[in-house]
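Asker: This is the structure, below, for whatever I ask next.
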Amino acid sequence: AHVTSWTTSKGEELFFLSRAAYFEAEKPIRGGIPVIFPQFGQGPLPQHGFARLRDWEVARTSVEEDGRVAATLQLDASPETLALWPHPFHLELGVCVGAQTLALTFRVCNPGNEAFPFQAVFHTYFAVEDVRQSAVYGLKGVSFIDSLRQNAREVESRDAIRFDGEIDRVYVGAPHSLRIEDAAAGRRFYIEKERMPDVTVWNPWVEKAQRLADFGDEEWPRMLCVETGVMDPAYTLAPGETWEGVTTFRVEER
Ligand code: TA6
Numbered sequence: 007a008h009v010t011s012w013t014t015s016k017g018e019e020l021f022f023l024s025r026a027a028y029f030e031a032e033k034p035i036r037g038g039i040p041v042i043f044p045q046f047g048q049g050p051l052p053q054h055g056f057a058r059l060r061d062w063e064v065a066r067t068s069v070e071e072d073g074r075v076a077a078t079l080q081l082d083a084s085p086e087t088l089a090l091w092p093h094p095f096h097l098e099l100g101v102c103v104g105a106q107t108l109a110l111t112f113r114v115c116n117p118g119n120e121a122f123p124f125q126a127v128f129h130t131y132f133a134v135e136d137v138r139q140s141a142v143y144g145l146k147g148v149s150f151i152d153s154l155r156q157n158a159r160e161v162e163s164r165d166a167i168r169f170d171g172e173i174d175r176v177y178v179g180a181p182h183s184l185r186i187e188d189a190a191a192g193r194r195f196y197i198e199k200e201r202m203p204d205v206t207v208w209n210p211w212v213e214k215a216q217r218l219a220d221f222g223d224e225e226w227p228r229m230l231c232v233e234t235g236v237m238d239p240a241y242t243l244a245p246g247e248t249w250e251g252v253t254t255f256r257v258e259e260r
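The numbering used here applies: residue 7 is where the sequence shown begins, and numbers increase by one.
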């Protein structure tokens with residue numbers, strides 16, 4: 007259940023996918039939209055949880071009234087996941103592609119009789135012409151946790167977040183609408199999100215890119231992660247409850 011490519015009608019790639027990306031069992035794919043569950047970042051489980059490492063199944067596909075094409079994939083708990091994380095769960099990822107839009111729906115169901123906390127994130131890698139000429143709008147006034155400064159908390163003071171070095175921040179309780187401007191490509195990405203309150207902005211820059219085996223040393227200028235989901239705090243799902251988060255991308259060319 008990993009979207010690895012979204013293109014314009016002219017075939018231009020809108021998501022970054024590293025040329026060094028792994029496509030092997032048990033290894034995450036460096037690019038597109040890794041689906042993060044039940045843990046974001048480090049913790050008792052593998053980094054970013056196990057959902058992005060598992061094989062999901064296609065539950066259904068459809069062509070919508072308005073011509074958009076949709077697919078829903080699902081993942082259930084298994085002996086392997088229960089050994090890592092002792093909770094039954096049912097996940098669904100809905101992907102719906104339209105002329106200029108890509109809508110993602112993430113459902114988490116708790117079929118068990120105990121509540122469980124989870125984090126759920128679309129770890130989206132946008133392709134940009136040059137991150138040094140790109141900016142993210144919509145986060146002014148939002149408090150963030152800075153992973154590069156021992157998780158220091160600060161409030162974003164800028165209308166436009168620009169990039170001149172490694173950035174790795176979780177914006178907590180961000181507005182529903184965000185925008186990425188890729189000035190060098192003359193492209194804008196509009197992000198709308200519901201019940202996915204938090205946003206992570208990440209670019210590894212030079213040194214970290216060199217340390218990542220599945221990330222080309224020269225690739226960092228051409229990507230920007232703007233991730234949406236439930237990160238801080240985790241969401242606690244009651245027995246029988248279903249949580250649903252939606253993120254929609256719309257692309258606009260100059
Ligand atoms: O995007 C936020 C982040 O947690 C960064 O700290 C960086 O580690 C990135 O995810 C990639 O993580 P991964 O496990 O996919 O290499």
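Idealized CB from N, CA, C, for every residue including glycine.
The structure displayed is predicted, hence computed values, not measured ones.
For Asn209, which residues does DSSP report across the bridge?
Answerer: Ile173
Asker: Counting along the chain, where does the beta strand (DSSP E) carrying Leu97 start and finish?
Answerer: 96–103
Asker: For Thr253, report the span of its beta strand (DSSP E) as first-last.
Answerer: 248–259
Asker: In whole angstroms, what separates the C-alpha of Thr67 from that of Phe112?
Answerer: If you take the alpha carbons of Thr67 and Phe112, they lie about 15 Å apart.
Asker: Compare the Cα-Cα distances from Asp152 to each of Arg168, Val137, Ile173, Asp165 and report the closest residue.
Answerer: Ile173
Asker: Taking 6 Å as the cut-off, does the CB of Trp211 come closer than this to any heavy atom belonging to ligand 1?
Answerer: no
Asker: Should Thr14 be labelled buried (16 or more other beta-carbon atoms within 10 Å of its own) or exposed?
Answerer: exposed
Asker: Decide if the region 145–160 is in contact with the region 186–198; the criterion is three or more beta carbon pairs, one per stretch, under 8 Å apart.
Answerer: no
Asker: Helix, strand or coil for Gln125, going by three-state DSSP, please let me know.
Answerer: strand
Asker: Assess contact between the region 233–244 and the region 48–57, defined as three or more Cβ pairs (one per stretch) separated by less than 8 Å. Is contact present?
Answerer: These segments do not touch.
Asker: To which residues does DSSP link Gly55 through a beta bridge?
Answerer: Beta-bridge pairing links Gly55 to Phe43.
Asker: Would you call Asp170 buried or exposed, if buried means 16 or more other Cβ atoms sit within 10 Å of its Cβ?
Answerer: exposed
Asker: Across which residues does DSSP place Phe195 in a beta bridge pair?
Answerer: Ile186, Val257
Asker: Apply the 10 Å Cβ neighbour rule to Glu18 and answer buried if 16 or more other Cβ atoms are within range, or exposed otherwise.
Answerer: exposed
Asker: Between Tyr196 and Arg260, is the Cβ-Cβ spacing less than 7 Å?
Answerer: no
Asker: Measure how close the beta-carbons of Ile42 and Val127 come, nearest whole angstrom, since I'm counting them as under 8 Å.
Answerer: 4 Å
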